[in-house]
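Colleague: Provided herewith is a single structure, encoded as structure tokens, for subsequent inquiry.
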Amino acid sequence: MKMAYYPGCSQEGSAIEYGLSTERTAELMGVELVEIEDWNCCGATSGHNTNKLLSLALPARNLAIAEKTGLDILVPCAACYNRFRTTEITVREDGEMREKIQQAIDMEYEAKNETISVLDLLANKLGPEKIKEKVKQPLKAMKAACYYGCLLVRPVHHTGFDDPEDPQTMDTILKALGAETVDWSHKTECCGAALATSRPEIGKRMTYEILKNARDAGAECIVTACPLCMMNLDMRQAGVEKEFREKFGLPIYFVTELVAAACGDAPEKVGTNRHFVEAVEYLKSLPAKAAQMEAEEQEKKKKKISKSEPANEEEAAALKKKIDAMAKGFAKNPEKTAARIIKDEEKAKLLAEIVTGDEKKISKLAELMITDQEKAIKTAEALINGELKKRQKQQA
Amino acid sequence: MENAIRLVPASKEDKELLARIEKEAGTSVSLCYQCGKCSAGCPVAFAMDNKPRQVIRFLQLGLIEAALESDSIWICASCETCSARCPRGVDIASLMDALRREALRQGKITDKKVAVFNKAFLNGVKSFGRTYEAGILLTHNFLTGQFFKDAELGLPMFKRGKLGLLPEKIKGREEVKKIFERVEEMGGE
């Protein structure tokens, strides 16, 4: 597979590990990336907050350059991805705006190709089976909260590769890597985005809610596919801990960093050592934890088997004792015991006659009396009827 | 009765302004039946003066100025939860976007910090073709008088190779500058 590639500004600065690990992930999965020549910033949120045409024209220049290659475009950053998709869809659906955009960038652009996110590429275009093939060190023992945030799943019309309320693509990827993903309620809640800078008192509270919800759901780390989410959750985590006087120490990973790690790369290779919250140690602790988990599981299994055997033996012995006692009573006093099975006095007497001296029948009836009363009655009646018929024949 | 809003029929100018905002946002406020689902799910509603539902109500009543002067439009994080959940298909997030741009046009900005950040960000793009993270932080802090804001992050970022002191420049920065100029000439939207 060959794709055009738009790294985006953050992937060369504050989210350098996302850039490194996206490129490495593509290499591992056999996807050839062709970087868009001399690409420019997409304008991000500041663009659409300020001027609509500008917010469409800035991505359009990149898309127009990529269109010449005829390739679909891989865009790791959630914000860039969203701006690219918005531009593509506007150009396809709004003729008037398409003309304005072409005029603003002074280039032809028809939106013939598709912009694709890292999650869509890994979970849908390549698929979990293809990922599993490449995994060398499964992330067993990892408990991750998959955090999708806003811009990968909304607006639904622009993204559409996953569910906007309970998305699954990242969970699919993580499970293919061998990790366990937790159920939690803040999968698509907003991290506060640029409010962390412009209105920190608001932004910090939003980030706090996400960290808290993930930890309370049993997660030991959070996984993201957005550089701004990473910035707020990782870089600003210490500030949030200070503000709310609560320690989290949750490592945050880009999903692509985990792909590289599970495929056998050292975490440092894709920049995981550059995080603010220490993130390498957790990855390195996983194999030992996984081994311990496996040992515990086996131990449990063994215990279960060895426990269940003596329990069965004990039960069986107790049951045998009861049956033996019943058979003894039957042999000693057949009439009394027979009366316990058959209410009719004459029939009970007959039953006593039939079984007297017949150990086989006594032990059979004794066993049934202990284990299955109904069957004991039926068996007794059958014996009596058989005896009656036999006698009738003899009389005839 | 000082705080009461006087309801008068919307003026012709207000009606035209609303029509323009709706066209730009690609949505219609008359679809809204005020159920409040947008505001219940909004992750920043706790910090807003007027909840999203109320901002839409202002527009429905022709009180455009009240909507433009709401702090809420600058608190909105553009997370799009409201638009995704609206049972009437009103694109509330897009309306918030259009309102911010209109407020900028009219110079009615209740939160200068957001506007200053946006300006610093776009100036970097206009000059270099790329985001200039260090430049944004410095300009933003200087213009908002918060000289040491996030200073604790700057050095560790630099040490981790996450913050270039000099801007990344692209070859086609003249082209990008021209996009800004053409958009301005065309009046943008």
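Quick mapping for you: the protein sequence lines, in order, are chains A and B. Okay, so the first sequence: first residue is -2 according to this note's numbering, each after it adds one. Okay, so the second sequence: first residue is -4 according to this note's numbering, each after it adds one. Glycine included, C-beta positions come from ideal geometry on N, C-alpha and C. Here the structure is a predicted model, which is why all the values come from computation and not from measurement.
So the candidates are B/F123, B/E75, B/P82; which of them puts its Cα closest to the Cα of B/K32?
Modeller: Measuring from the Cα of B/K32, the nearest candidate turns out to be B/P82.
Colleague: What do you reckon, are the CB atoms on A/A276 and A/T269 nearer than 7 Å?
Modeller: Cβ distance < 7 Å, so A/A276 and A/T269 count as in contact.
Colleague: Using the three-state DSSP reduction, which class does A/A142 fall into: helix, strand or coil?
Modeller: A/A142 falls in the strand class under three-state DSSP.
Colleague: Does the region 64 to 77 of chain B come close enough to the region 13 to 29 of chain B to have 3 or more Cβ pairs within less than 8 Å?
Modeller: No, they do not touch.
Colleague: Assign A/S182 to buried or exposed, taking buried as 16 or more other Cβ atoms, counted over all protein chains shown, within 10 Å of its Cβ.
Modeller: It counts as exposed.
Colleague: Which chain B residues are close to A/A191, counting only those with a beta carbon under 8 Å from its beta carbon?
Modeller: In chain order: A72, V109, F112.
Colleague: Using a Cβ-Cβ cutoff of 7 Å, what residues of the region 150 to 170 of chain A are near chain B? List them in chain order.
Modeller: Cβ contacts with chain B: R151, P152, V153, P161.
Colleague: Anything in chain A within Cβ reach of B/T126, meaning under 8 Å, just list it in chain order.
Modeller: Simply C6, S7, G10, C38, A41.
Colleague: Would you say A/H45 reaches chain B, if we count a Cβ-Cβ gap shorter than 7 Å as a contact?
Modeller: Yes - at least one Cβ of chain B is within 7 Å of the one on A/H45.
Colleague: Residues of chain A with CB closer than 8 Å to the CB of B/F116, please, in chain order.
Modeller: Under the 8 Å cutoff, chain A gives A41, S43.
Colleague: What three-state label does DSSP hand A/E85 in the structure shown?
Modeller: Helix, per DSSP.
Colleague: For A/T368, which of A/A315, A/K344, A/K387 has the nearest alpha-carbon?
Modeller: When each option's Cα is compared against that of A/T368, the closest is A/A315.
Colleague: Starting from B/G156, find everything on chain A with Cβ-Cβ shorter than 7 Å and list it in chain order.
Modeller: Within 7 Å Cβ-Cβ: I13, R271.
Colleague: So, at 6 Å on beta carbons, what are the nonlocal neighbours of A/V72 in its own chain, with the 5 sequence-adjacent residues on each side left out?
Modeller: Around A/V72: Y3, Y78, F81, T112.
Colleague: Using the rule of at least 16 other Cβ atoms within 10 Å of the residue's Cβ for burial, across every protein chain shown, is A/A285 buried or exposed?
Modeller: Its Cβ having fewer than 16 others within 10 Å, A/A285 is exposed.
Colleague: Could you name the residues that DSSP lists as bridge partners for A/A1?
Modeller: DSSP output for A/A1 lists A/V31, A/I70 as bridge partner(s).
Colleague: For the putative contact between A/S18 and A/T253, defined by C-beta atoms under 8 Å, what is the C-beta separation to the nearest angstrom?
Modeller: Yes, A/S18 and A/T253 are in contact; Cβ-Cβ is about 4 Å, under 8 Å.
Colleague: Of all Cβ atoms in chain E, is any one closer than 7 Å to the Cβ of A/L30?
Modeller: The displayed structure is made up of protein chains A and B, and chain E is not among them.
Colleague: Can you pull the chain A residues whose beta carbon is under 8 Å from the beta carbon of B/K166, in chain order?
Modeller: What B/K166 touches in chain A: D35.
Colleague: Listed from N- to C-terminal order along the chain, which residues in the region 81 to 110 of chain B have their beta-carbon within a distance smaller than 9 Å of any beta-carbon of chain A?
Modeller: Within the region 81 to 110 of chain B, the qualifying residues are D86, A88, S89, D92, A93, R95, R96, L99, D106, K108, V109, A110.
Colleague: Could you have a look at B/T76 and say whether DSSP puts it in helix, strand or coil?
Modeller: It is helical.
Colleague: How many Å lie between A/P164 and A/V150 at the Cα?
Modeller: Using only the alpha carbons, I get a separation of about 8 Å.
Colleague: In chain order, what residues of the same chain have a beta carbon less than 6 Å from the beta carbon of A/C147, not counting five sequence neighbours either side?
Modeller: For A/C147, where only same-chain residues beyond five positions count, the Cβ hits under 6 Å are C187.
Colleague: Relative to chain B, which residues along the region 81 to 111 of chain A have a C-beta separation below 8 Å, given in chain order?
Modeller: Those would be K97, Q100, A101, I102, D103, in chain order.
Colleague: To the nearest whole angstrom, what separates the beta carbons of B/S89 and B/S78, a pair I think is in contact under 8 Å?
Modeller: With 8 Å as the limit, B/S89 and B/S78 qualify as a contact, their Cβ atoms being about 7 Å apart.
Colleague: Do A/L123 and A/M26 come within 7 Å of each other at the CB atom, strictly closer than that value?
Modeller: Yes, these two residues count as a Cβ contact at 7 Å.
Colleague: Check the C-beta distance from A/A61 over to A/I102 and give it rounded, since I have them as a contact under 8 Å.
Modeller: Confirmed, Cβ separation roughly 6 Å.
Colleague: Within the 7 Å Cβ cut-off, does B/I68 reach chain A?
Modeller: No - not a single Cβ of chain A is within 7 Å of the one on B/I68.
Colleague: Could you round the C-beta distance between B/V24 and B/I51 to whole angstroms and report it? I think they count as a contact, below 8 Å.
Modeller: 5 Å between Cβ atoms; contact.
Colleague: Using a Cβ-Cβ cut-off of 7 Å, state whether A/L50 counts as contacting chain B.
Modeller: So yes, A/L50 belongs to the interface.
Colleague: Between B/R177 and chain A, is any beta-carbon pair separated by less than 7 Å?
Modeller: Output row for B/R177: interface = yes.
Colleague: Which one of B/A35, B/L160, B/R95 has the shortest CA to CA distance from A/S43?
Modeller: Comparing Cα positions, the closest option is B/R95.
Colleague: Assess contact between the region 167 to 183 of chain A and the region 126 to 146 of chain A, defined as three or more Cβ pairs (one per stretch) separated by less than 8 Å. Is contact present?
Modeller: Yes, the region 167 to 183 of chain A is in contact with the region 126 to 146 of chain A.
Colleague: For A/C218, name the three-state secondary structure that DSSP assigns.
Modeller: Reduced to three states, the DSSP call for A/C218 is strand.
Colleague: For A/K(-1), which option in A/L30, A/R58, A/I13, A/E9 has the closest C-alpha, if you only look at C-alpha atoms?
Modeller: Taking only the C-alpha atoms, the option nearest A/K(-1) is A/L30.
Colleague: Could you say which of A/T376, A/R21, A/Y205 lies nearest to A/F245 if we only look at CA atoms?
Modeller: The residue with the shortest Cα to Cα distance from A/F245 is A/Y205.
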